[in-house]
Every structure is written in C-alpha cells, then in structure tokens.
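Presented below is the structure to which this report refers.
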Amino acid sequence: MLSKLALGGLKNRFRDYAVLFSGLVIASAVFYMFMALATNTSFLKQNSPISYTPFIFGFGAVLLAIITFVYIVYANSFLLSMRQRDYAMFMMLGAKGRKIGQLIFLETVAIGLFATFAGVLIGLVGTDFIGKWLIHALHAKATGFSAFWMPAILWTFGFFVVLFILSAIYNTAKLLKMPMMRLLRQAQTPNRVKQKKGIFALQVVLGLILLAVGYYCMANALHIGLKAIPTALVTIVMGTYFLFNAVFVGLIALLKRDRSFASKQLHTFTLSQLSFRIRDYTRILSVVSILVALALGAITVGLGFTHDIPVLASQYTVYDLTVASPNAQTQAEMKKLQGVTEKQQYTIKSDDKMVYISQRALDAHPLKVQIRDQSMKGKLRTVTLTSRNFNQIASKYYGAFGIFIGNNRGKQIRVTDNATFAKLGNAETLTTFRVKNFNQNYDTIEKIVTLQQKQYPKLWGNDTDQKFVSYSILNGMYSGLTFMGFFLGLSFLAMLASTLMFKILSGANYDKRRYLMLQKIGARPQVLRRSIRQEIGVLFLLPGVVGMIHVLFGLQLFKMILQAPYDNLIVPFGVFIALYGLYYLMTTWMYQNIVINKDLAAKS
Amino acid sequence: MNRQPVVTVENVTKTYGKRGEKQTPALKGVSFQVEPGEFVGIMGASGSGKTTLLNILSTLDRPTAGAVRIKGEDVTKLKGNALSDFRAKKIGFIFQDFNLLENLTGRENIALPLALQNVSAKKQQAAVDQIAATLGINAVLDHYPTELSGGQKQRVAAARALVQQPDILFGDEPTGALDSKAARELLDTMDDLNKNHGVSILLVTHDPFSASYASRILFIKDGQIGSELVHGDKSQEAFYQEILETLGTFQK
Numbered sequence: 001m002l003s004k005l006a007l008g009g010l011k012n013r014f015r016d017y018a019v020l021f022s023g024l025v026i027a028s029a030v031f032y033m034f035m036a037l038a039t040n041t042s043f044l045k046q047n048s049p050i051s052y053t054p055f056i057f058g059f060g061a062v063l064l065a066i067i068t069f070v071y072i073v074y075a076n077s078f079l080l081s082m083r084q085r086d087y088a089m090f091m092m093l094g095a096k097g098r099k100i101g102q103l104i105f106l107e108t109v110a111i112g113l114f115a116t117f118a119g120v121l122i123g124l125v126g127t128d129f130i131g132k133w134l135i136h137a138l139h140a141k142a143t144g145f146s147a148f149w150m151p152a153i154l155w156t157f158g159f160f161v162v163l164f165i166l167s168a169i170y171n172t173a174k175l176l177k178m179p180m181m182r183l184l185r186q187a188q189t190p191n192r193v194k195q196k197k198g199i200f201a202l203q204v205v206l207g208l209i210l211l212a213v214g215y216y217c218m219a220n221a222l223h224i225g226l227k228a229i230p231t232a233l234v235t236i237v238m239g240t241y242f243l244f245n246a247v248f249v250g251l252i253a254l255l256k257r258d259r260s261f262a263s264k265q266l267h268t269f270t271l272s273q274l275s276f277r278i279r280d281y282t283r284i285l286s287v288v289s290i291l292v293a294l295a296l297g298a299i300t301v302g303l304g305f306t307h308d309i310p311v312l313a314s315q316y317t318v319y320d321l322t323v324a325s326p327n328a329q330t331q332a333e334m335k336k337l338q339g340v341t342e343k344q345q346y347t348i349k350s351d352d353k354m355v356y357i358s359q360r361a362l363d364a365h366p367l368k369v370q371i372r373d374q375s376m377k378g379k380l381r382t383v384t385l386t387s388r389n390f391n392q393i394a395s396k397y398y399g400a401f402g403i404f405i406g407n408n409r410g411k412q413i414r415v416t417d418n419a420t421f422a423k424l425g426n427a428e429t430l431t432t433f434r435v436k437n438f439n440q441n442y443d444t445i446e447k448i449v450t451l452q453q454k455q456y457p458k459l460w461g462n463d464t465d466q467k468f469v470s471y472s473i474l475n476g477m478y479s480g481l482t483f484m485g486f487f488l489g490l491s492f493l494a495m496l497a498s499t500l501m502f503k504i505l506s507g508a509n510y511d512k513r514r515y516l517m518l519q520k521i522g523a524r525p526q527v528l529r530r531s532i533r534q535e536i537g538v539l540f541l542l543p544g545v546v547g548m549i550h551v552l553f554g555l556q557l558f559k560m561i562l563q564a565p566y567d568n569l570i571v572p573f574g575v576f577i578a579l580y581g582l583y584y585l586m587t588t589w590m591y592q593n594i595v596i597n598k599d600l601a602a603k604s
Numbered sequence: 001m002n003r004q005p006v007v008t009v010e011n012v013t014k015t016y017g018k019r020g021e022k023q024t025p026a027l028k029g030v031s032f033q034v035e036p037g038e039f040v041g042i043m044g045a046s047g048s049g050k051t052t053l054l055n056i057l058s059t060l061d062r063p064t065a066g067a068v069r070i071k072g073e074d075v076t077k078l079k080g081n082a083l084s085d086f087r088a089k090k091i092g093f094i095f096q097d098f099n100l101l102e103n104l105t106g107r108e109n110i111a112l113p114l115a116l117q118n119v120s121a122k123k124q125q126a127a128v129d130q131i132a133a134t135l136g137i138n139a140v141l142d143h144y145p146t147e148l149s150g151g152q153k154q155r156v157a158a159a160r161a162l163v164q165q166p167d168i169l170f171g172d173e174p175t176g177a178l179d180s181k182a183a184r185e186l187l188d189t190m191d192d193l194n195k196n197h198g199v200s201i202l203l204v205t206h207d208p209f210s211a212s213y214a215s216r217i218l219f220i221k222d223g224q225i226g227s228e229l230v231h232g233d234k235s236q237e238a239f240y241q242e243i244l245e246t247l248g249t250f251q252k
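First to last, the sequence lines map onto chains A and B. Heads up, the first sequence is in the UniProt record's numbering, so the first residue is 1 and it goes up one at a time. Heads up, the second sequence is in the UniProt record's numbering, so the first residue is 1 and it goes up one at a time.
Encoded structure:
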C-alpha cells in the first residue's frame, strides 16, 4: 500500500516530476563526467604540464560536490513543495507520522536512485561524445581517456545515495514538524518584506567588503598561497548573497515607490512577483551567479590556453612552415595548405662549411627571425634581415637560422653577392610559408614535416626550428588544460541552466492561478507575455552580470599560468552570452506555456 | 438614457465533446435579457448548466451556437486584444474564491484593471479611493489578501470588478465562501450598488437567500430555462418563501 501511494504520486504529477527528474539526471551526469576526469589520475598527469593539476581537479571536485549539494537541497525542497499537500491529505485521513516518514523516505530515495542511474548512463555517453569531440578538435592525445571509469561510477552512486538519504531525513523531519494548515496552504503565505534601514546598509557594506576581500585574494594569490582560493570562494559566495539580498530588495522597493512607473500595465504585478518569494530568489541567484562565474571562467581559461599555443609557438619562429627542396609527394601536400598569407621561394647553395643565400633574393624578399635579446632582459623581438644585417645577426644568433639551412645540419648561413652566389653549386630551394590559421592546417603541416624528415634525415639542427615541432609539444601540454576548461565550463553551464530553470518553473505552478486570474480580468496575453519576459529577464540578467564581474576579477588567478588572460575575452563571453540567452528564451517559452491558458473556462 | 438591454442572450447552445466523439449538451437554447439597472438571479442545481452559461456570458468561453450581446455588442465575435480589453472595461466579475492576487495589496489589486488600460497613476488612486469608500474598505487597502477576512476579500474583489464602471457585474456564488454575517453584508452592499448606483447585476447561485435579493430569478435545469420568478412588490421574506417552494417543485 505504501509503495503504491509513493509511486502513485509519481504517476499523477508526471510533468512536474519530469522537470525535477531531468534536473537530477543532469546533475548526476555532470558529476559523473567530472569524476571520470578527476579520478583518472594517469590521464591528468599525462595531459597537463603543471604538476599540481590533480590538486586543481580535486579542488574542482569539492566545488562541484558543494554545488551539487546545494542543488539537491534545492531540488528536494521542490519535491517537498509538490508533495506536501498530498502528504497533508494523507495525514488528514489518519496516516501516522511514521508512515508518512517511510513514504517520503521511499519516494526520495527511489527518485534519487533512478535519477543517478539514468545520469550515469547519460554521463557515459556524454563523456564519450564530448571527450571524443574535444580530443579531435584540439588534436590532443588525451592518452588514458576512458568514458567508462569504474571509480567515477562508484563515486557518483556513493555521493548521490548519501545525499538523497540525508535529504529524505531532512524532508521527513521538516514535514512532520510543520502544522497541517501551513502544509495545505503554504503557497498563499505572503512574504511581507520588512527590512530595517540599518540592516540593509550593513548588508550592502558587508557584501562589498567580502567581495573586495575575495577579489584581493584572487589578484594576489601568488603571495598568499594556496589558501587564497578557498578564502576567495567563501568570501565571494557570502558577499554575493548579501549584495543580492540588499540590492535586490532595495531596487524593487525603489521601483515600486516610483508611482508613474509602477502604475503602468503589469509593472506592479511583475515587481510583486519578484519580491513575493524574495528569500528564495536571493539564495538561488547567488548560487547561479557563482555558477555563471565558474562556467564562464572555465571556458575563458580553456580558450586562453588555446590562444596561448600559437603565441608561445611563434616565439621561436616567424614562419609557420619552411620546406627544403620538396619531392613530388611533399609538393602535392603543399598545395593543400589553406589560407596561405605569405609564400616565398628562395634558392640556397652550399659548400663544405657554409650555406649561402644571394643578396638580390634576400633584399627583394627579406627574411625574418625571432631573437631573444640578452640586452633587453630576454625580450623577444622580430628582426627583418637584409644583406646589411644578415651576416652579423646570423653569426651571433645562429640558433635562430636553423630553419633556413635545409639539409645542411651543422653549417651556418651567410649572405653573399650575386656574382659569388652564381658560381656556387649544390642548389636547393627554401620555401617559407605563413598561414592564416595554423590549427586549421595542422594535419597537412604534420604530413609535410614528416615527409621532409623522411626525405632528409639530416634536416634541421634543432627540434624547435620548425614551428610545428614546438606547436605540437605545446598543444600536447596545453590541450589537456583546455580540455578541462571546456569540460568544466560546459558542465557548470548545464548545471546552471537546470538550477535556474528549476527555480523559475517550480514557481510556475503557483503562478498558474495568478495568470489565469489576470486573464479573466482582461489582461491581454501579450501584456502577460511581456511581464513574464521582464520577470525572468531580471532573474537571468542579475546573476549573469554579477557572474561576469566575478570572472573579470577571477582571471587574476591565471596571470601566472596564461600569457594574457584578458585578451580574446570576446569569444568566451560571446559564446557564453549566446548560450545563456538561449536558456533564457527556453525558460521564458516553457514558463509562458505553463501559465498562459488558452481555455479560460477551465478550473485552475 | 439608453434603454437597450444590458445583456441579450439569444438561443445559446453549448455542446461539449469534439466532432465524432460523444456529444454532451450543456446548454440547449437559452434566451433572456437583462435590462439596465436590473438585478437578475440565475438558480439551478449542480450540473444544470449555470456555470457554463456564466462562462459564456463573461466571454471566458464561446457558445456552440447563438449570440450574446452586451450593450448591443456581440461578444461571441470578439477576438484577441479586443476581447481582453472588453473584459477589462465592460465586465466586472466576482468569484466564489475571490480570485485576488495574493502578492498584491488591496489597493494594487483594485487598481489593476486601470493599470492594464494605462490610466495615469493619479486617476488610478482617485478611482480606487472612490470605489473603496462606496464599499467601505478604505481602512484595509494596504493589506495583503491573506491579512483580510473573507468578507473584506470579497469587497476588495467587488471593488476591483467595479473600478472601471463596467456595464454589468457578474457574480459567481460570491457568498459561497463567506459566513452568514459577511454574506448578508455583501448582499446588502450589492443591493445598495444596484438600487443607488445603478449597477446592473447578474448573480449565479444555488443559495435561495442570496437569490432573494434579485429582482427577477431564472431557474435553469438540464441546460434550459425552466421557470421565472419576479420579485415585484413582495417583501423579501415572501419572495424567499416563493423561491423555496419553486425549488421544491422545480428539482423534481
């Protein structure tokens, strides 16, 4: 009988449960995907240039666990809000508290187990799919990556089962303590917001101070050490909460006081909607803004690493590729290069000791080298070589010229006048290439380099002469980090979406009646739609903006790892805003479908 | 003064069930009129079709056939924004369960129909204060619905229904959730609105006492109007007795 009641509840409110269930599935899928990386230490070690990466990942896992915990608590209160009327009804019909307790326990844990199981399955597919896609996109080796990872499965089940048992206990205790009348009509209790001015000001000040401390910690993480990160995390979370609590309430009160604004159309209603369950919103908005910051931060840093690869690779050479006297196969590959911005062919000749380039050819098309100048504190500079400075620089920085000598390892290169050059033998060709996008040509360049090495076993004196060599080493090191950044970013984004959607859609059930009433008293559907767009818009915009500010400060942390963490922000922010906007549109659309009735005569 | 009927119902039928499925007739050709300043009661048992009729009259639902005219305008032809605006301006509606928005104060609830029409803030305040004075709820305007008694809630709802000075006020069992004292007070208020402020009222109820306030009562049974009682010069007590007798024979 008991299990029949518990499962009957599931069947009756399928749509509500579908929202809850899909959210939990996403949470456990994300958790699994993360753990599949975090617990795979051999994978982490092979794909990261930094020794404390497992530590970073461990930290990320703790963070994800905290957020998942908050999320489960939240989802759980949604579950309770759906069921409390039913439970109260059972109690009214004479069910004992202990029975109700068992009922809740059974239901919560059953849902939890189902969701975790489904989540792990989706997580497996997701890890495989996203993993493969990212590995391909980044030419990463990703050695040791496996979608099916037993420790991760155990961790996920363990973690979620414990969480659900805890929340079942919490639900039972909470429900049995609440008076029956409140259970039956909690949705109607208004939340009169009475805030004293002093407390309001204190919250603003405290919020700002906490945020400042957090931002300071991130900016000076190098001096403060590893404890800067947890400190920043706590202060920023708390600061955000206080700020939302105070500023949000203050803003609504201010707008409501502005009569000419508030008395237009549904403005009063929209503002009241926002302030009605204000406590819930501030809590959830703080969580969401942190999630926004983490998602955006992870994507930005991930992209930062991809940007670092060409920047670092270009430190050693100006040219993306140089080719020495190609054979037919190499020539065929050279034609496949895309977006070639610069291609120049020179003739070089050699004797026993030296390689020569003619003055005329050089002055017509000067070569360029990257040199690390000792007198300028090792700063890199690009030097354009003509017949005037070539020999001087070539003898001083001969290491930078290895790329030009082709199959003449061990010799140095000099410029010579045209007459002397004409008398020399052993003519070879040297072709320099620059392409618009190295990554796009990665496979072709790899082929050419391999072919050349087969053709000329003595090619190039130094491993880093060809840009490809340094590029592939850097790519191997950094793509692991990029991979992490992307993965975490997408995971957090998925989590964020379901958290916010949850909050808003669980409110929709209460709001249904209100919107029906408004339609009955003659509110145009388009006015209602606008009100919904504004209300949800505010709920998305506030944490979005705060999250972005967190990221701008949080990037300070990465000053020591990334070349230029603040460059190329448009791409990650753009991607994020686009995705975030998509979630906004989706939530608005779903919400409107729930609350705006086509059939007004229907009883709500 | 325009003497055209406030509400004209012509041969309205309503059948539930899609084509090809089982057809369930709820209204089988109902016709009547409400004259300006009239207080008409509609009585009937559960399932008699009175709620369907009220939903059609108040434009929440459409009839399968027939016409409903309010002040000469055929409301069954209205669509989209015109329909919403018509509802906001021409019809007042009070419900058994009040249908107040519990996240707005009394004042905000009452001003809502005006705000929807973009009336200026000043005019909104003036209109709210005036109607609140008529209904005697000035003191509770800044309270939220959950802080009000049932009677007060229904007065706030009535104020919201009347603030636009609609052509007609529809009541759907407005005393259904009130205690007898609050019910009597609300009915007295409605009587006052009808007699002294010229508000036309159409009240749907199954409570004979509420119905005894009406000047004319239509009895509906199985989707048709069965009989009609007129208050005339009778005392309210006598009219009440007459309703009870009619109900006694009518339901058989």
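Backbone N, C-alpha and C define an ideal beta-carbon position, used for all residues, glycine too.
Just mark B/H231 as buried or exposed, buried being the case when its beta carbon has 16 or more other beta carbons within 10 Å. Taking the second sequence and counting its residues from 1, the one referred to as residue 231 of chain B is at position 231. So B/H231 ends up on the buried side.
Counting only Cβ pairs nearer than 7 angstroms, list the residues of chain B close to A/A523. As a working note, residue 523 of chain A is residue 523 in the first sequence. Correct list: S84, L116.
The segment 73-80 of chain B touching the segment 242-250 of chain A, judged by at least three CB pairs closer than 8 angstroms: no
Would you give the residue range spanned by the alpha helix (DSSP H) that A/Q452 belongs to? For this step, residue 452 of chain A is matched to residue 452 along the first sequence. Where A/Q452 is concerned, the enclosing alpha helix (DSSP H) stretches over 442-455.
A/E107 versus A/F69, A/R98, A/F164, residue with shortest Cα-Cα distance: Translated into positions along the first sequence, residue 107 of chain A becomes position 107. Selected option, being the one with the closest Cα: A/F164.
By the 10 Å Cβ neighbour count, where 16 or more other Cβ atoms means buried, how is A/V162 classified, buried or exposed? The count along the first sequence starts at 1 and reaches residue 162 of chain A at position 162. Exposed is the call here.
A/T282 versus chain B: which residues are under 8 angstroms apart at the beta carbon? For the purposes of this step, residue 282 of chain A is taken as residue 282 along the first sequence, with counting starting at 1. By Cβ distance, chain B contributes nothing, its closest Cβ being about 17 angstroms from A/T282, past 8 angstroms.
With DSSP collapsed to three states, give me the class of A/G461. Here residue 461 of chain A refers to the residue found at position 461 when the first sequence is read from its first residue. With a pLDDT of only 46 at A/G461, under the threshold of 50, the placement of this residue in the model should not be trusted, and no figure is reported.
Beta-carbon proximity list for B/A211, same chain, < 6 angstroms, skipping 5 on both sides: If you number the second sequence from 1, residue 211 of chain B lands on position 211. The residues are G41, M43, T205, I217, I243.
Taking only beta-carbon positions, decide if B/P174 is within less than 8 angstroms of chain A. Mapped onto the second sequence, residue 174 of chain B falls at position 174. By this cut-off, B/P174 is not an interface position.
Leaving out five residues before and five after A/A115 in sequence, what residues of the same chain have Cβ atoms less than 7 angstroms from its Cβ? Residue 115 of chain A sits at position 115 when you count from the first residue of the first sequence. If we look at A/A115 and ignore the five residues flanking it on each side, its Cβ neighbours are F21, L24, V25, S28.
Name the two residues that bound the continuous beta strand (DSSP E) containing residue 681 of chain A. No statement about residue 681 of chain A is possible, as the shown extent of chain A runs from 1 to 604 and does not include it.
List the whole-angstrom C-beta distance separating B/A26 from B/K14, where the pair is believed to meet the contact cut-off of C-beta under 8 angstroms. Taking the second sequence and counting its residues from 1, the one referred to as residue 26 of chain B is at position 26. Taking the second sequence and counting its residues from 1, the one referred to as residue 14 of chain B is at position 14. Correct: roughly 5 angstroms between the Cβ atoms.
Which residue's Cα is closest to the Cα of B/R62: B/G136, B/A132, B/G198, B/V12? As a position in the second sequence, residue 62 of chain B is number 62, starting the count at 1. It is B/V12.
Identify which residue in A/L296, A/I153, A/V249 has its Cα closest to the Cα of A/F276. Residue numbering aside, residue 276 of chain A sits at position 276 when the first sequence is read from its first letter. Checking every option, the nearest Cα to that of A/F276 belongs to A/V249.
Indicate the three-state DSSP secondary structure (helix, strand or coil) for A/R409 in the structure shown. Locating residue 409 of chain A in the first sequence gives position 409, counting from the first residue. Of the three classes helix, strand and coil, the one that applies to A/R409 here is coil, per DSSP.
Using a Cβ-Cβ cutoff of 7 angstroms, what residues of the segment 116-139 of chain B are near chain A? List them in chain order. L116, N118, A121, Q124
Within chain A, the residues that B/G113 reaches when beta carbons sit closer than 7 angstroms: In the second sequence, counting from the first residue as 1, residue 113 of chain B sits at position 113. The question names Gly, yet the displayed sequence has Pro at residue 113 of chain B. Per Cβ cutoff of 7 angstroms: I521, G522.
Would a check of beta-carbon distances place A/Q84 closer than 8 angstroms to chain B? Here the question's residue 84 of chain A lines up with position 84 in the first sequence. Answer no: the Cβ-Cβ gap between A/Q84 and chain B never drops below 8 angstroms.
Separation of A/L312 from A/L474, as counted between CA atoms: Residue numbering aside, residue 474 of chain A sits at position 474 when the first sequence is read from its first letter. Residue numbering aside, residue 312 of chain A sits at position 312 when the first sequence is read from its first letter. Each residue's Cα considered, the two are about 8 angstroms apart.
Could you work out which residues of chain D lie near B/R19, taking near to mean beta carbons separated by less than 7 angstroms? Protein chains in the displayed structure are A and B, and chain D is not among them.
What's the C-alpha gap between B/M1 and A/L79? Residue 1 of chain B sits at position 1 when you count from the first residue of the second sequence. Residue 79 of chain A sits at position 79 when you count from the first residue of the first sequence. Summary for B/M1: the model assigns pLDDT 48, below 50, so the residue's position carries little reliability; its value from the coordinates is reported in the next sentence. Each residue's Cα considered, the two are about 59 angstroms apart.
Taking C-beta to C-beta, are A/I448 and A/T330 nearer than 8 angstroms? Stepping through the first sequence from its first residue, residue 448 of chain A is reached at position 448. Stepping through the first sequence from its first residue, residue 330 of chain A is reached at position 330. Yes. Within cutoff.
Helix, strand or coil, according to DSSP, for B/N11 in the structure here? To locate residue 11 of chain B, count along the second sequence from 1; it is residue 11. If DSSP states are grouped into helix, strand and coil, B/N11 belongs with the strands.
When the cut-off is 8 angstroms and only beta carbons count, does B/E73 lie next to chain A? One-based indexing of the second sequence puts residue 73 of chain B at position 73. Chain A, which has no Cβ nearer than 8 angstroms to the Cβ of B/E73, makes this no.
Classify A/V469 as helix, strand or coil using the three-state DSSP reduction. Locating residue 469 of chain A in the first sequence gives position 469, counting from the first residue. Looking at A/V469 - three-state DSSP - the assignment turns out to be helix.
Residue-level contact to chain B via CB, A/V249, 8 angstroms cutoff: In the first sequence, the residue the question calls residue 249 of chain A occupies position 249. By this cut-off, A/V249 is not an interface position.
Terminal residues of the beta strand (DSSP E) in which A/R381 lies: To locate residue 381 of chain A, count along the first sequence from 1; it is residue 381. Run containing A/R381: 379-385, per the beta strand (DSSP E) assignment.
As assigned by DSSP and simplified to three states, the class of residue 607 of chain A: Only positions 1 to 604 of chain A appear in this structure, which leaves residue 607 of chain A out of reach.
Can you say whether A/Y478 is buried or exposed, counting buried as having 16 or more other CB atoms within 10 angstroms of its CB? Start at 1 with the first residue of the first sequence, and residue 478 of chain A comes out as number 478. With 16 or more Cβ atoms within 10 Å of its Cβ, A/Y478 is classed as buried.
Note down the Cα distance separating A/A232 from A/I504, rounded to an integer number of angstroms. In the first sequence, residue 232 of chain A corresponds to position 232, counting from 1. In the first sequence, residue 504 of chain A corresponds to position 504, counting from 1. Straight-line Cα distance between these residues: approximately 29 angstroms.
Limits of the beta strand (DSSP E) - the one that B/V119 falls within: Reading the second sequence from its first residue, position 119 is the one you call residue 119 of chain B. That residue, B/V119, is in no beta strand (DSSP E); it is neither H nor E in DSSP.
Range of the contiguous alpha helix (DSSP H) that encloses A/Y566: Here residue 566 of chain A corresponds to residue number 566 of the first sequence, with the count starting at 1. Taken as a continuous stretch (DSSP letters only), A/Y566 belongs to no alpha helix (DSSP H), as it is neither H nor E.
Can you grab the Cα-Cα spacing for the pair B/D129 / A/Q534, in whole Å? Within the second sequence, numbered from 1, the residue matching residue 129 of chain B stands at position 129. Within the first sequence, numbered from 1, the residue matching residue 534 of chain A stands at position 534. Their Cα atoms are separated by approximately 30 angstroms.
Anything in the segment 112-135 of chain A with a Cβ closer than 7 angstroms to a Cβ of chain B? List those residues in chain order, please. none
Chain A contacts made by the segment 45-67 of chain B, where a contact means CB separation under 7 angstroms: N55, L60, D61
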